[in-house]
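Enquirer:
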Amino acid sequence: MNGAVRRLARSALSSLAFPSAQACPGSAPGVITSLRALSAARSVSPDECYDVVIVGGGMVGAAVAALLGGNRMTQQMRVAVLDVKPQPLSFTPAPVPGLRVSTITPGSIGVLKAAGAWEEVEALSAPFVDMQVWDAAAPGHIRWSARDLGEERMGVVAENPLLQASLLRAAQRSGGRTEFLWPAELRGLRLPDEQGRPHPGCSHGLAELDLADGRTLVARLVVAADGSASRVRQMAGLRTWGWGYGQRGVVATVSTAEPHVTAFQRFLPTGPLALLPVRGGLSSIVWSTTPEAAAALEALGPREFAAAVNKALLDPPASAASGFAPVSSLAEALGRMVGAGAGGGGGGWREPPRAVELVGSSPKSFPLQLKQAGRFVLPRLALVGDAAHAVHPLAGQGVNLGLGDAGALAEALRGAVAGGSDPGDARLLGEAYEAPRRRAVLAMTAAMDGVKRAFAVQAPPFAAVRGLGLGLINAVGPVRNGIMNYAMMGNT
Amino acid sequence: MALRPSRPVQPATRRLRAPAPPPPGPILAPLRRFLASPSTAASPAAGASVDPREAAKFGALAASWWSPSGPFAPLHALNPARVRFVRESLAACRGGDAGAPEPLKGLRVLDVGCGGGVLSESLARLGASVTGIDVAAASVAVAAAHAGGDPLVAGRVSYRCISAEDLAASGTGGFDAVIASEVLEHVRRPHDFLAVLASLLAPPEASPGAAVIISTINRTPAAWAFAIAGAEYVARVVPPGTHSFKKFVTPQELAIMADASGLKLWHASGMAPLGPGGAWALTGALDVNYIATLRRAGEVQAGGAEGPGAGPGAEAGAGAGAERQ
Numbered sequence: 137m138n139g140a141v142r143r144l145a146r147s148a149l150s151s152l153a154f155p156s157a158q159a160c161p162g163s164a165p166g167v168i169t170s171l172r173a174l175s176a177a178r179s180v181s182p183d184e185c186y187d188v189v190i191v192g193g194g195m196v197g198a199a200v201a202a203l204l205g206g207n208r209m210t211q212q213m214r215v216a217v218l219d220v221k222p223q224p225l226s227f228t229p230a231p232v233p234g235l236r237v238s239t240i241t242p243g244s245i246g247v248l249k250a251a252g253a254w255e256e257v258e259a260l261s262a263p264f265v266d267m268q269v270w271d272a273a274a275p276g277h278i279r280w281s282a283r284d285l286g287e288e289r290m291g292v293v294a295e296n297p298l299l300q301a302s303l304l305r306a307a308q309r310s311g312g313r314t315e316f317l318w319p320a321e322l323r324g325l326r327l328p329d330e331q332g333r334p335h336p337g338c339s340h341g342l343a344e345l346d347l348a349d350g351r352t353l354v355a356r357l358v359v360a361a362d363g364s365a366s367r368v369r370q371m372a373g374l375r376t377w378g379w380g381y382g383q384r385g386v387v388a389t390v391s392t393a394e395p396h397v398t399a400f401q402r403f404l405p406t407g408p409l410a411l412l413p414v415r416g417g418l419s420s421i422v423w424s425t426t427p428e429a430a431a432a433l434e435a436l437g438p439r440e441f442a443a444a445v446n447k448a449l450l451d452p453p454a455s456a457a458s459g460f461a462p463v464s465s466l467a468e469a470l471g472r473m474v475g476a477g478a479g480g481g482g483g484g485w486r487e488p489p490r491a492v493e494l495v496g497s498s499p500k501s502f503p504l505q506l507k508q509a510g511r512f513v514l515p516r517l518a519l520v521g522d523a524a525h526a527v528h529p530l531a532g533q534g535v536n537l538g539l540g541d542a543g544a545l546a547e548a549l550r551g552a553v554a555g556g557s558d559p560g561d562a563r564l565l566g567e568a569y570e571a572p573r574r575r576a577v578l579a580m581t582a583a584m585d586g587v588k589r590a591f592a593v594q595a596p597p598f599a600a601v602r603g604l605g606l607g608l609i610n611a612v613g614p615v616r617n618g619i620m621n622y623a624m625m626g627n628t
Numbered sequence: 156m157a158l159r160p161s162r163p164v165q166p167a168t169r170r171l172r173a174p175a176p177p178p179p180g181p182i183l184a185p186l187r188r189f190l191a192s193p194s195t196a197a198s199p200a201a202g203a204s205v206d207p208r209e210a211a212k213f214g215a216l217a218a219s220w221w222s223p224s225g226p227f228a229p230l231h232a233l234n235p236a237r238v239r240f241v242r243e244s245l246a247a248c249r250g251g252d253a254g255a256p257e258p259l260k261g262l263r264v265l266d267v268g269c270g271g272g273v274l275s276e277s278l279a280r281l282g283a284s285v286t287g288i289d290v291a292a293a294s295v296a297v298a299a300a301h302a303g304g305d306p307l308v309a310g311r312v313s314y315r316c317i318s319a320e321d322l323a324a325s326g327t328g329g330f331d332a333v334i335a336s337e338v339l340e341h342v343r344r345p346h347d348f349l350a351v352l353a354s355l356l357a358p359p360e361a362s363p364g365a366a367v368i369i370s371t372i373n374r375t376p377a378a379w380a381f382a383i384a385g386a387e388y389v390a391r392v393v394p395p396g397t398h399s400f401k402k403f404v405t406p407q408e409l410a411i412m413a414d415a416s417g418l419k420l421w422h423a424s425g426m427a428p429l430g431p432g433g434a435w436a437l438t439g440a441l442d443v444n445y446i447a448t449l450r451r452a453g454e455v456q457a458g459g460a461e462g463p464g465a466g467p468g469a470e471a472g473a474g475a476g477a478e479r480q
């Protein structure tokens, strides 16, 4: 009987060796059943195990580490952050802000505060209090103000290296058990199977990571924060889906005739162009366009580039000359009507400041894409940030989604500790992390994709309808603010 | 101290021998099936051998204790809620810090009816040194094997295939907390069973604040609808009539049984799948599943003045008083 029971149990946990586990013998009711793993695989002591190994010390990986270290329930967790290269723990602002900037929403500010990184970010970033979106092919605009939402600001524009260094520093000083392991290159990954059964090469049910220097780390949870080309995701066999947009985003920094606190975004026939306030009274340009136009823009001189920006932002709507003006006038009239009914409202048009010239690094461009992993979690694995989803940067939402991931994952792990759960438990990760994040990411990608595609249609009648839509949305306060809440995340 | 029951307490489940399909339904169904599973659940003292066919059936079920989508999935869903209650309640009993990552550090905890070790492992992660006991050998084997998956857990739990009364009779005891989760409604003489659990606590001088924690199901129309009609007639988890509504235990009855065992029902909380996304949460309503802490009468002021709401448990809804019922 004992043999039979043991075989059954063994088949149930096929690869987990438990040679000394005793089925209860009928004649000796007190025998303690215990397990001593004696398989050929290396046995592991509790002290060797990490609770969480974060692969990738970028903004999102750093945020996960800082959040875990900053919360009383999770700060006893042993956390390692790996990266192939040493990552900077301090940020020295250059005279001109770098090209890699992010628009940080109130939801993300909440994450930065919880992580203990907000003060540092706030000191070196630029706030914006208004946001204005309009069309190049039809009249009408939408304007949101932080005032309407009862907020002090609508967000800040921060350089990515500032965000990363602030979060890494916060992780370091949090009082948690965070180790930075870099340079450390991941060579191999062993995870339990989908049912949570141990990997055949492990003497335990945890995850193992092989590093290029010969070390092997044992972890209850592996967090893949290694970007859109995630090695961890590939090693885990998770696939992605998505598409490119056949477009490139050009980023540059410009000086303007006067400083401003509005995030401007205009939808051009070739894609949206954003003018965002950055540190030092300067502005960041994020211009999505065709590859040809992107190449041409990158080749322009400092003043020519500024002239191109001004033309794109300030030229009157194309439809004014297209013969569809009556439709547009109707739209405006409708908009006024609804606006009158709604009371209060979106605020008037504000002319963007004129760009004067390029400053700092010369413009660079990158391809726009949408990519998502089919699954964000497996037993003992969670994907965060671009490793889980790369959203083309139409509204600078990539980092916000990633910080949202970090917040949700840290909260899930806090719940795991409170409830005595295994932090690598796939059920817990699926319910407390993947499900809410997948909803957020799908909604965001669909919205971004939809806006992008809607504005990509340039036939004049469509453009007129679009103008109608913007006029109406701007006039109807609750709708507008609902959209804004959505765009700002964390308020939905 | 050793309160021996006049008759050994048996799992009240030997009645059911017919195998049932894996139950998708309510939380108690898998446990019932587990307890109902026949000869592997034989009393160790009886030395019954296992019919290989039955063993195979039970082996298949035992193997699914930890399957994320298996018949015990509802138990995994319930588990965090009852663990949070234990965290809050034991901290309140002992004047500890419920917000600490490992609030049970240094405590010896007995998990009676541990099954595959779902609760035992969680208690170990909260810092406790856990002994899990169960009368089903296959379940104990699975529990031991699974604990070996994590060295931290393996170092903090041990499992034994033995009944509570045999454990008490063997002179083992001295636990800071004795927990019987979803077991009471299945035993034949719950009064005696509770007395056995009380006898397994460490003496007051060695462990002030020692407690017995019971989770079970109330005898109310709602409980009937959820656990009997739902499980037996709608989900057809077990043959109709197998489980008797009569055996469900009301909080008042639990309080009376506690009194007879020298314990006082100190505080209680409902458990229901009412949290975000259908997660199980601690609630103030004790009308279906509930969990209660019983303390030594001598350590609790008369009249229950120290009861509900006395500790941090109240914040998590753990302070819902049984008296309200």
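Residue numbers (this note's numbering), protein chains in the order written: chain C, 137 to 628; chain E, 156 to 480. Positions of the beta carbon are idealized from the N, C-alpha and C atoms, including for glycine.
1. How many Å lie between residue 217 of chain E and residue 295 of chain E at the Cα?
2. Ordered along the chain, which non-local residues of its own chain (more than five positions away) have a Cβ less than 6 Å from that of residue 313 of chain E?
3. Got a sec? Which residues, its chain only, sit under 7 Å from residue 287 of chain C by beta carbon, not counting five neighbours each side?
4. Taking the straight line between their C-alpha atoms, what separation do you get for residue 284 of chain C and residue 226 of chain C?
5. Taking the alpha carbon of residue 549 of chain C as the reference point, which residue from E:376, E:235, E:229, E:222 has its own alpha carbon closest?
6. Quick one: what's residue 343 of chain C bridged to in DSSP?
7. Going along the chain, which unbroken runs of the alpha helix (DSSP H) with 4 or more residues stay wholly within the region 183-257 of chain C?
8. What does the alpha-carbon distance come out to for the pair residue 505 of chain C and residue 379 of chain C?
9. What are the partner residues of residue 362 of chain C, as DSSP defines its beta bridges?
10. For residue 239 of chain E, go through chain C and note every residue whose CB falls closer than 7 Å to its CB, in chain order.
11. At least one CB of chain C closer than 8 Å to the CB of residue 434 of chain E: is that the case?
12. Starting from residue 490 of chain E, find everything on chain C with Cβ-Cβ shorter than 8 Å and list it in chain order.
13. What does DSSP give as the partner residue(s) for residue 525 of chain C in the beta ladder?
14. For a cutoff of 8 Å on Cβ pairs, would you count residue 340 of chain C as touching chain E?
15. Thinking C-alpha only, which one of C:229, C:425, C:395 is nearest residue 405 of chain C?
16. Determine the chain C residues that contact residue 278 of chain E at a beta-carbon separation under 9 Å, and present them in chain order.
17. Against residue 567 of chain C, what residues of chain E qualify as contacts under a CB-to-CB distance less than 8 Å, listed in chain order?
18. Which stretch, first to last residue, makes up the beta strand (DSSP E) that contains residue 422 of chain C?
19. Tell me, which residues are paired with residue 279 of chain C by DSSP?
20. For residue 290 of chain C, which three-state DSSP category applies?
21. Among C:262, C:357, C:485, which residue has its Cα nearest to the Cα of residue 239 of chain C?
22. Using the C-alpha atoms, what's the distance from residue 248 of chain E back to residue 268 of chain E?
23. Assign residue 450 of chain C to one of two classes, buried (16 or more other C-beta atoms within 10 Å of its C-beta) or exposed (fewer than that).
24. With which residues is residue 316 of chain C paired in a DSSP beta bridge?
25. Taking only beta-carbon positions, decide if residue 336 of chain E is within less than 8 Å of chain C.
26. Just to check my reading of the structure: residue 377 of chain C and residue 205 of chain C have Cβ atoms closer than 8 Å, yes? What is that Cβ distance to the nearest angstrom?
27. Check the Cβ-Cβ distances between residue 571 of chain C and every residue of chain E, and say whether any is below 8 Å.
28. What's the call for residue 435 of chain C, buried or exposed, on a 16-neighbour Cβ count within 10 Å?
29. Between the beta-carbon of residue 244 of chain C and the beta-carbon of residue 519 of chain C, is there less than 8 Å?
30. Measure the Cβ-Cβ separation of residue 188 of chain C and residue 213 of chain C and say whether it is below 8 Å.
31. So what does DSSP say about residue 289 of chain E, is it helix, strand or coil?
32. How close, in whole Å, do the beta carbons of residue 323 of chain C and residue 347 of chain C come, if the pair is a contact with beta carbons under 8 Å?
33. Spatial neighbours of residue 427 of chain E within its chain, please: C-beta separation below 8 Å, excluding the five flanking residues on both sides.
34. Answer yes or no: do residue 290 of chain C and residue 257 of chain C have a C-beta to C-beta separation smaller than 8 Å?
35. Comparing alpha-carbon positions, which option in E:319, E:310, E:379, E:289 lies nearest residue 354 of chain E?
36. Could you check whether the Cβ of residue 231 of chain E sits closer than 8 Å to any Cβ belonging to chain C?
Expert: In short, the structure shows the following:
1. The residue labelled residue 217 of chain E in the question sits at position 62 within the second sequence. The residue labelled residue 295 of chain E in the question sits at position 140 within the second sequence. Their backbone Cα atoms lie some 9 Å apart in a straight line.
2. Taking the second sequence and counting its residues from 1, one reaches residue 313 of chain E at position 158. Here the set comprises 286.
3. Here residue 287 of chain C is taken as the residue at index 151 of the first sequence, counted from 1. Once the five neighbours on either side are set aside, the close Cβ partners of residue 287 of chain C are 242.
4. For this step, residue 284 of chain C is matched to residue 148 along the first sequence. For this step, residue 226 of chain C is matched to residue 90 along the first sequence. Annotation: residue 284 of chain C to residue 226 of chain C spans about 36 Å, alpha carbon to alpha carbon.
5. Mapped onto the first sequence, residue 549 of chain C falls at position 413. Closest by alpha carbon: E:235.
6. The residue labelled residue 343 of chain C in the question sits at position 207 within the first sequence. In the DSSP output, where bridge partners are listed per residue, residue 343 of chain C has C:355.
7. Listed in chain order, they are 195-206, 242-251.
8. Start at 1 with the first residue of the first sequence, and residue 505 of chain C comes out as number 369. Start at 1 with the first residue of the first sequence, and residue 379 of chain C comes out as number 243. In a straight line, the C-alpha of residue 505 of chain C is about 6 Å away from that of residue 379 of chain C.
9. Along the first sequence, read from residue 1 onward, the residue named residue 362 of chain C stands at position 226. Note: residue 362 of chain C sits in no beta bridge, so no partner.
10. Within the second sequence, the letter at position 84 stands for residue 239 of chain E. Neighbourhood of residue 239 of chain E in chain C, by CB distance below 7 Å: 554, 555, in chain order.
11. In the second sequence, the residue the question calls residue 434 of chain E occupies position 279. Using beta-carbon distances, residue 434 of chain E counts as an interface residue toward chain C, with a partner under 8 Å.
12. Because residue 490 of chain E is not part of the residues shown, which for chain E are 156 to 480, the question remains open.
13. Here residue 525 of chain C refers to the residue found at position 389 when the first sequence is read from its first residue. Beta-bridge pairing by DSSP links residue 525 of chain C to C:508.
14. Against the first sequence, residue 340 of chain C aligns to sequence position 204. In terms of beta-carbon proximity, residue 340 of chain C lines the interface with chain E, with at least one pair separated by less than 8 Å.
15. Here the question's residue 405 of chain C lines up with position 269 in the first sequence. When C:229, C:425, C:395 are compared, the shortest CA-CA separation from residue 405 of chain C is found for C:425.
16. Stepping through the second sequence from its first residue, residue 278 of chain E is reached at position 123. When 9 Å is used as the limit between beta carbons, residue 278 of chain E is near these residues of chain C: 556, in chain order.
17. The residue given as residue 567 of chain C occupies position 431 in the first sequence. The contacting residues are 432, 434.
18. For the purposes of this step, residue 422 of chain C is identified with residue 286 of the first sequence, where counting begins at 1. Here the beta strand (DSSP E) through residue 422 of chain C covers 418-425.
19. The residue labelled residue 279 of chain C in the question sits at position 143 within the first sequence. Partner(s): C:268.
20. Taking the first sequence and counting its residues from 1, one reaches residue 290 of chain C at position 154. Here residue 290 of chain C sits in coil by DSSP.
21. In the first sequence, counting from the first residue as 1, residue 239 of chain C sits at position 103. For the residues C:262, C:357, C:485, the minimum Cα distance to residue 239 of chain C belongs to C:262.
22. By 1-based counting over the second sequence, the position of residue 268 of chain E is 113. By 1-based counting over the second sequence, the position of residue 248 of chain E is 93. Approximately 23 Å, taken between the alpha carbons.
23. For this step, residue 450 of chain C is matched to residue 314 along the first sequence. For residue 450 of chain C, the number of other beta carbons within 10 angstroms of its own is below 16, and it is reported as exposed.
24. Counting from 1 along the first sequence, the entry for residue 316 of chain C is found at position 180. DSSP lists C:217 as the beta-bridge partner residues of residue 316 of chain C.
25. Within the second sequence, the letter at position 181 stands for residue 336 of chain E. So, not an interface residue.
26. Locating residue 377 of chain C in the first sequence gives position 241, counting from the first residue. Locating residue 205 of chain C in the first sequence gives position 69, counting from the first residue. Not a contact, Cβ separation roughly 34 Å.
27. In the first sequence, the residue the question calls residue 571 of chain C occupies position 435. Any Cβ of chain E closer than 8 Å to the Cβ of residue 571 of chain C would place that residue at the interface, and such an atom is present.
28. Locating residue 435 of chain C in the first sequence gives position 299, where the first residue counts as 1. By the 10 Å Cβ count, residue 435 of chain C comes out exposed.
29. Along the first sequence, one-based indexing puts residue 244 of chain C at 108. Along the first sequence, one-based indexing puts residue 519 of chain C at 383. Not closer than 8 Å, so no.
30. By 1-based counting over the first sequence, the position of residue 188 of chain C is 52. By 1-based counting over the first sequence, the position of residue 213 of chain C is 77. Taking 8 Å as the cut-off, the Cβ atoms of residue 188 of chain C and residue 213 of chain C count as close.
31. Residue numbering aside, residue 289 of chain E sits at position 134 when the second sequence is read from its first letter. Strand, per DSSP.
32. Here residue 323 of chain C refers to the residue found at position 187 of the first sequence. Here residue 347 of chain C refers to the residue found at position 211 of the first sequence. About 6 Å separates the two Cβ atoms, so the contact holds.
33. The residue you call residue 427 of chain E lines up with position 272 of the second sequence. Its chain contains 435, 436, 438, 440, 443, 444 as the residues whose beta carbon lies nearer than 8 Å to that of residue 427 of chain E, once the 5 sequence neighbours on both sides are disregarded; these appear in chain order.
34. Locating residue 290 of chain C in the first sequence gives position 154, counting from the first residue. Locating residue 257 of chain C in the first sequence gives position 121, counting from the first residue. Residue 290 of chain C places its beta carbon 8 Å or farther from that of residue 257 of chain C.
35. For this step, residue 354 of chain E is matched to residue 199 along the second sequence. Nearest of E:319, E:310, E:379, E:289 to residue 354 of chain E, Cα basis: E:319.
36. For the purposes of this step, residue 231 of chain E is taken as residue 76 along the second sequence, with counting starting at 1. Chain C contact via Cβ: present.
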